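Step one of this worksheet: look at the structure below.
Number of protein chains: 2
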Amino acid sequence: MTVRILILALMVSSIAVGQESDSAVARKIFTEALTKGQSYEMLEYLCTRIGSRLSGSPQAAAAVEWSKQQMEKYGFDKVSLQEVMVPHWVRGASEYAVIVNSKAIGSREVPVLALGGSVATPPGGITANVVEVQNFEELEKLGKKAIQGKIVFYNRPLDPTLINTGSAYGGAVDQRHDGAKFAARYGAVAAIVRSMTTLHDDVPHTGSMGYDSVGTKIPAAAISTNAADLLSSLLKADSDVQFHLELHCETLPDIKSYNVIGEIKGSEFPDEIVLVGGHLDSWDVGHGAHDDGGGCVQSIEVLRLFKALGIKPKRTLRAVMFMNEENGMNGAKEYAAQAKAKGEKHIVAIESDAGVFTPRGFGIYSEGDGLAKIQKWRPIFEDYNVYQIEKGWGGADINKLKDQGTVLVGFRPDTQRYFDLHHTNSDTFDKVNKRELELGAATMAVLVYLLSEYGL
Amino acid sequence: MTVRILILALMVSSIAVGQESDSAVARKIFTEALTKGQSYEMLEYLCTRIGSRLSGSPQAAAAVEWSKQQMEKYGFDKVSLQEVMVPHWVRGASEYAVIVNSKAIGSREVPVLALGGSVATPPGGITANVVEVQNFEELEKLGKKAIQGKIVFYNRPLDPTLINTGSAYGGAVDQRHDGAKFAARYGAVAAIVRSMTTLHDDVPHTGSMGYDSVGTKIPAAAISTNAADLLSSLLKADSDVQFHLELHCETLPDIKSYNVIGEIKGSEFPDEIVLVGGHLDSWDVGHGAHDDGGGCVQSIEVLRLFKALGIKPKRTLRAVMFMNEENGMNGAKEYAAQAKAKGEKHIVAIESDAGVFTPRGFGIYSEGDGLAKIQKWRPIFEDYNVYQIEKGWGGADINKLKDQGTVLVGFRPDTQRYFDLHHTNSDTFDKVNKRELELGAATMAVLVYLLSEYGL
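Chains Y and U are the protein sequences, given in the same order.
Numbering-wise, the first sequence is residues 503 to 958 according to our numbering.
Numbering-wise, the second sequence is residues 503 to 958 according to our numbering.
Right, here's the structure in full:
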């Protein structure tokens, strides 16, 4: 009995000491990030000196070189480039879109952005009647007779009653991604889509789209939510309203680019890799500040915090800037393929690609007990107002590691403002709050520390 | 045994039904707030049509009339004005502050705001040597000989390592509030204080201050954090650097104003009052958007949500716009005094006065088991990402009800951006996010609903 009590006492005390020590490390990490953090200065350079970084652009190339030098400057053990071929789509001259000759208001130019990957309109543009639909079922019901020769207008809004705006986005984005593909099957000449935001404003949101590999490719663009509301109301009164669309975009041959990988070698289990990353490419509008410059600089900052605080991780840490998340995922695919080929063991991968607002938690995908293990550390995070450690899906880039048994962790910041900015000219450096960015980096660094200490 | 199981089963099922029903009401409240909410439109009017609303100003009077009409328009059972005399301080012509003839950079004008309640400088201003201190202990140690005839410069920054910025503010604001009072005791001719923010920028932050009731009153002003850093670095190299300060502010005779009170009568316990409020006055800079126009429109919105959804509260609900929180608290004092005189029973009072960012929870002061009772409802709030239901202090206005046994609840939004804006020209309508504002109103409405159903 006394022995059992003794053992119990020892266990409790070792847990207590362990926890205290982890909490103390967490406190050091937050203090360093909030007082000497470098994520904000890094992001300022990436956003205001380099700018938006669509795959294949000169800015994407500059960002590759910059992030490599940045990680070398911080003295990571190894910094390398991983070659990958990426799509090279260019927007060309500004788009032009007009509601034509409506009975109520005459003609009205509306804010528009081509979707990434769209083909151009013929020179001079397309002018056609408009068919508004809310979803693909409506499209199918209307059929070829109603659609042929027309512009299909997808106008289902994001559901504002969902608390996490990402869920609202997820419930609407099929219109943007697959709208042109399906409309083309019914003979439409173009597709326009309501911008993916709960805001009612004049800012169009671009984003990825896909075509059928065979068949006609029709131009596709997003119009602002105010423009979508206007067009919809005009169509209700007058179904003959026409729409004019001019896109000048073009897909050039694939071009060579790189993932950028920084590494700190693990002292005890160097073969077990803890990855933290974001994507270095962005859309070609704004600065790609929240999406995903912020996630990149946070990932670099996580490893820098280890260096600055002299923490030697037991497992190997990698900061990975994935290339081409926005329009191809080629960087993520290449990274996962090479990891598999080399037999690398990524025990866990964390991605910050949901904006860099105040950290709220992590969304975790694990086929084993990874979620439960991470949830046990929740008390450490609660000291920093981070409560949501829940089942989730990970992130677009890291999910390519899913079939290698890697536990996938999506960093979850506050979501309310993200889709005000996402894929727009408004996603600029000034929209990022320094403390929120730093708190996110520190939150991830603490998780990386715990994972590198205890594994999964 | 079977009877016990039966009773247990009945208890469990009634709890389950009760919870489900409360959750369903919560869902309705959030849906209404996010789809047909009126807080944002109200705030736009209050901020951009009326503007900043310092006690005694014409704008404060306009805000009283506007909020009364607004609540009448929504059909609350009773809307009334509660007369209260308030201080009437005016800023006068713009302040002017200059670092004078430093050896390193010559003279440099710096951003400055008089503190609320400060006396003016003599015509032409004050020019004097500067003594920098971090706290009152340093001031005392320096003593009259070192301070006499000089300008005392309080330069202790907010602690950036604290996660809740309110705590950082609380740890520094004594310099602003009491700096002039203490400096005057040692013969200083003026006091300047580093602005109360963790940012390093050019925006001065005003705020309240107090004088000794007898003795000399010296002018007091806040300079921007960048200016404070500059002045401090110049003083390190050259202790003879002088500072020139011109303030044109003035305290006029007290003037009549009002608290504005809207009420929905309780159907079962009309004598038990559940109060939700904010303060209608603001500083005379910016729009007073986050501080505290947002809290006012959220409070009105809480009662409007009950009307819109046809929910008849069992207890009486009051939305109270307190007057004069910023520089006197006279509205809160009057409200509490009248409540006491009339024998009114405020079972709980909720205040939104910490900005209108994404809701994180409530900080609760209760001498009984109020905190524990409210914490039992936490699962309902977690559906809306609201986790922090913790011990707290309430709010400045509602705290005047403390000695009447009222449970005090401070609404807690995310704190990271608040002190970027607090008491500055930057606290404008465009800094408020519509969804964040609406989520806050809905979160408080759900708590008000539960309190009105179950009491405390």
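Here a beta-carbon is modelled for each residue, glycine too, at the ideal position from N, C-alpha and C.
Remember, it's a predicted structure, so these values are computed and weren't measured experimentally.
Short Cβ contact (8 Å threshold) for residue i with residue j
{"i": "Y:ASP855", "j": "Y:GLY790", "result": "no"}
{"i": "U:LEU749", "j": "U:ALA622", "result": "yes"}
{"i": "U:GLY796", "j": "U:VAL934", "result": "yes"}
{"i": "Y:VAL776", "j": "Y:LEU819", "result": "yes"}
{"i": "U:MET711", "j": "U:ARG658", "result": "no"}
{"i": "Y:ALA599", "j": "Y:LYS652", "result": "no"}
{"i": "U:GLY681", "j": "U:MET698", "result": "no"}
{"i": "U:GLU765", "j": "U:LYS816", "result": "no"}
{"i": "Y:CYS549", "j": "Y:PHE913", "result": "no"}
{"i": "U:VAL633", "j": "U:LEU644", "result": "yes"}
{"i": "U:GLU940", "j": "U:TYR547", "result": "no"}
{"i": "U:ASP783", "j": "U:GLU836", "result": "no"}
{"i": "Y:TYR889", "j": "Y:GLY863", "result": "yes"}
{"i": "Y:ILE694", "j": "Y:ALA674", "result": "no"}
{"i": "Y:GLY857", "j": "Y:PRO589", "result": "no"}
{"i": "U:GLN540", "j": "U:ILE552", "result": "no"}
{"i": "Y:VAL778", "j": "Y:ALA821", "result": "yes"}
{"i": "U:ASP899", "j": "U:PHE808", "result": "no"}
{"i": "U:VAL948", "j": "U:ILE531", "result": "yes"}
{"i": "U:LYS683", "j": "U:TYR713", "result": "yes"}
Where residue i meets chain U, residues with beta-carbon distance less than 8 Å
{"i": "Y:ASN935", "result": "GLN918, ARG919 and ASP922"}
{"i": "Y:ILE665", "result": "PHE532, ASP885, TYR886, ASN887 and LEU941"}
Whole-Å CB distance - residue i paired with residue j, under 8 Å assumed
{"i": "U:GLU803", "j": "U:ALA564", "result": "At roughly 20 Å, the Cβ-Cβ gap does not stay under 8 Å, so U:GLU803 and U:ALA564 are not in contact."}
{"i": "Y:PHE745", "j": "Y:VAL602", "result": "6 Å"}
{"i": "Y:PRO662", "j": "U:THR718", "result": "That belief does not hold up - the Cβ atoms of Y:PRO662 and U:THR718 are roughly 57 Å apart, past 8 Å."}
{"i": "U:ASP786", "j": "Y:ASP916", "result": "Not quite, the Cβ-Cβ distance comes to about 31 Å (not below 8 Å), so this is no contact."}
{"i": "U:GLU574", "j": "U:VAL581", "result": "5 Å"}
{"i": "U:SER726", "j": "U:PRO613", "result": "4 Å"}
{"i": "Y:VAL799", "j": "Y:MET544", "result": "4 Å"}
{"i": "U:LEU958", "j": "U:GLY872", "result": "5 Å"}
{"i": "U:TYR956", "j": "U:THR667", "result": "So it is not a contact: roughly 33 Å between Cβ atoms."}
Amino acids of chain Y, ordered along the chain, whose beta-carbon sits closer than 8 Å to that of residue i
{"i": "U:GLU748", "result": "Neighbours of U:GLU748 on chain Y: none; closest Cβ ~32 Å, over 8 Å."}
{"i": "U:THR860", "result": "THR860, ASP916 and GLN918"}
Cross-chain neighbours of residue i in chain U, by beta carbon under 7 Å
{"i": "Y:GLU892", "result": "Within chain U, no residue comes near Y:GLU892; the closest Cβ sits about 10 Å away, beyond 7 Å."}
{"i": "Y:LEU536", "result": "PRO662 and THR663"}
Exposure label - residue i; buried when at least 16 CB within 10 Å
{"i": "U:HIS702", "result": "exposed"}
{"i": "U:VAL514", "result": "Note on U:VAL514: pLDDT 44, under 50, position unreliable in the model; the coordinate value appears next. Its Cβ having fewer than 16 others within 10 Å, U:VAL514 is exposed."}
{"i": "U:GLU869", "result": "exposed"}
{"i": "U:SER954", "result": "buried"}
{"i": "Y:ALA943", "result": "buried"}
{"i": "U:ALA739", "result": "exposed"}
{"i": "U:ALA874", "result": "exposed"}
{"i": "U:VAL716", "result": "exposed"}
{"i": "Y:GLY619", "result": "buried"}
{"i": "U:VAL592", "result": "exposed"}
{"i": "Y:LEU660", "result": "buried"}
{"i": "U:GLU938", "result": "buried"}
{"i": "U:ALA692", "result": "buried"}
{"i": "Y:LEU754", "result": "exposed"}
Beta bridge counterpart(s) of residue i as assigned by DSSP
{"i": "Y:LEU777", "result": "Y:ARG820 and Y:ALA851"}
{"i": "U:GLY863", "result": "U:GLN890 and U:ARG914"}
{"i": "Y:SER582", "result": "Y:ILE763"}
{"i": "Y:ILE552", "result": "In DSSP, Y:ILE552 forms no bridge with anything."}
{"i": "U:MET587", "result": "U:LYS758"}
{"i": "U:SER710", "result": "U:GLY618"}
{"i": "U:TYR598", "result": "U:GLU748"}
{"i": "Y:ALA693", "result": "Y:VAL654 and Y:ALA722"}
{"i": "Y:GLY608", "result": "Y:SER604"}
{"i": "U:PHE962", "result": "Outside the displayed span of chain U (503 to 958) sits residue 962 of chain U, for which this structure offers no information."}
{"i": "Y:ILE628", "result": "Y:LEU747"}
Partner residues on chain U for residue i, Cβ-Cβ distance less than 9 Å
{"i": "Y:GLU938", "result": "ASP916, GLN918 and ARG919"}
Proximal chain Y residues relative to residue i, where beta-carbon distance stays under 9 Å
{"i": "U:THR700", "result": "LEU536, LYS936 and ARG937"}
Proximity test, residue i beta-carbon vs the ligand FAD heavy atom, cut-off 7 Å
{"i": "Y:GLN650", "result": "The ligand FAD is absent from the structure shown, which contains no ligands of any kind."}
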